[in-house]
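Okay, so here's the structure we're looking at.
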Amino acid sequence: MNFEYIDKYISMALMEDLGQAGDITTNATIGEKLVSTANIIYKTDGVLAGVPHALRVFELLSKTLNCPDVKIYKTTDDGKAIKKGAIIIKISGSTRLILSGERTFLNILQRMSGIATYARKLSDLIAGTGARIVDTRKTTPNFRIFEKDAVRLGGAANHRFGLFDGILIKDNHIAASKSITAAVKKARAYAHHLIRIEVETKNIEEVKEALMSGADVIMLDNMPPAEMKKAVKLIDGGAITEASGGINENNIVEVARTGVDLISIGALTHSARSADISLDIIKTAEKKWTI
């Protein structure tokens, strides 16, 4: 986990929200010495994700506001299934800190929990088939590290993180290289021995060429399940198989039953609905503190 990157993102998110002037509503209405206790409540059934990242918001913001970090009285583990109405976190600290960081804190927690919830739902649908769900690079700019973490917490798996850690020869690479065979040959000469080479195919003829060229992973892109099943039989363990394109909760079971190893779903990150989570102040008092 790249903690330096995470801190940089959170700092940028706080700057986006607070600007140079800070939280002018809170600064105008809340005294510096006010301390509050707040409950964070999960308002639907789902899977929790992003607790350490979200709480880091207050830790980083406390340095900017020159006040102590929040005290955590209750927390719930990431990846846990949550029932509607559950208090997942309880914190206490500077009221200004809590209110100024609230939105960024909740944005991270809601987004990651929504992705984890959807990943768990899809994974449960294909349990026992032998197939595994993986994500894609269809992520929110600069939020990929959080979203892919949420996918794992939901019980699915990660595809390559970016363009730098895996070779995936897609249709445009093939078109520019003139053929699958030529593209794989150049990729094999370029990559070191620990890098797998994946090839996107759209029909049985392309599957045959990818297999003959020595591809390590063959993506079956937008193929009907019946054709996908033929492709899996043809490959017969000669490469890892990945189904992709137009897969959702209505057809994922049929796709999983074709025998593919992986099912990549962009909707895990680009279409997951954020979880409904709220931060509610339950107690406020005036208190002095020292840093």
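According to the working numbering, the sequence shown holds residues -18 to 272 in order. Just so it is clear, CB atoms sit at the ideal spot from N, CA and C, and this is done for glycine as well.
Which stretch, first to last residue, makes up the alpha helix (DSSP H) that contains residue i?
i           : result
residue 128 : 125 to 134
residue 119 : Looking at the DSSP string, residue 119 is not in any alpha helix (DSSP H), and its letter there is neither H nor E.
residue 215 : 206 to 216
Determine whether the beta carbon atoms of residue i and residue j lie at a separation below 7 Å.
i           : j           : result
residue 216 : residue 192 : yes
residue 308 : residue 168 : The shown model of the chain, from -18 to 272, leaves out residue 308, and the question about it has no answer.
residue 43  : residue 256 : no
residue 202 : residue 226 : yes
residue 59  : residue 30  : yes
residue 205 : residue 236 : no
residue 135 : residue 100 : yes
residue 220 : residue 198 : yes
residue 34  : residue 89  : yes
residue 23  : residue 79  : no
residue 65  : residue 25  : yes
residue 181 : residue 146 : no
residue 176 : residue 148 : yes
residue 190 : residue 161 : yes
residue 200 : residue 187 : no
Quick one: grab the DSSP three-state call for residue i.
i           : result
residue 88  : helix
residue 225 : strand
residue 108 : coil
residue 249 : helix
residue 193 : helix
residue 165 : helix
residue -8  : helix
residue 149 : strand
residue 171 : helix
residue 102 : helix
residue 255 : coil
residue 78  : helix
residue 176 : coil
residue 265 : strand
residue 137 : coil
residue 187 : helix
residue 181 : strand
residue -15 : helix
Closer than 6 Å by C-beta to residue i: which residues in its own chain qualify, once you throw out the five before and the five after it? Chain order, please.
i           : result
residue 295 : Nothing can be reported for residue 295: it is not among the residues displayed for the chain, which extend from -18 to 272.
residue 71  : 20, 54 and 55
residue 131 : 30, 93, 96 and 97
residue 73  : 18 and 52
residue 251 : 119
residue 263 : 18 and 20
Just to confirm my understanding: we take residue i, look at its own chain, exclude 5 residues before and 5 after, and list those with CB closer than 8 Å. What are they?
i           : result
residue 77  : 4, 7, 8, 11, 13, 15, 46 and 48
residue 103 : 114, 137, 230, 233, 246 and 249
residue 143 : 118 and 125
residue 82  : -5, 38, 39 and 42
residue 32  : 56, 57, 58, 59, 69, 70 and 90
residue 84  : -2
residue -12 : 37 and 41
residue 258 : 21, 22, 23, 24, 69, 87, 90, 91 and 94
residue 271 : Its pLDDT being 49, under 50, residue 271 is placed unreliably by the model, and nothing is read from it.
Just curious, the beta strand (DSSP E) that residue i is in, first and last residue?
i           : result
residue 273 : This structure cannot settle anything about residue 273, because the visible part of the chain is limited to -18 through 272.
residue 235 : Segment 233 to 237 is the alpha helix (DSSP H) holding residue 235; no beta strand (DSSP E) there.
residue 202 : 198 to 202
residue 115 : 113 to 115
Can you list, in chain order, the residues of its chain with a C-beta nearer than 7 Å to that of residue i? Leave out the 5 residues immediately preceding and following it.
i           : result
residue 211 : 185
residue 208 : 185
residue 238 : 110
residue 266 : 16
residue 123 : -10
residue 261 : 19, 20 and 22
Regarding residue i and the ligand FMN, is the C-beta to nearest heavy atom distance less than 6 Å?
i          : result
residue 95 : No copy of the ligand FMN appears in this structure; indeed no ligand is present at all.
Closest Cβ-Cβ distance between residue i and chain C: below 7 Å?
i          : result
residue 98 : Of the chains in the structure shown, none is chain C; there is only one protein chain.
Quiz item: Curious, which full-length beta strand (DSSP E) runs of at least 3 residues does the segment -5 to 63 contain?
Solution: Counting whole runs of 3 or more residues, the segment -5 to 63 contains the beta strand (DSSP E) stretches 15 to 23 and 52 to 55.
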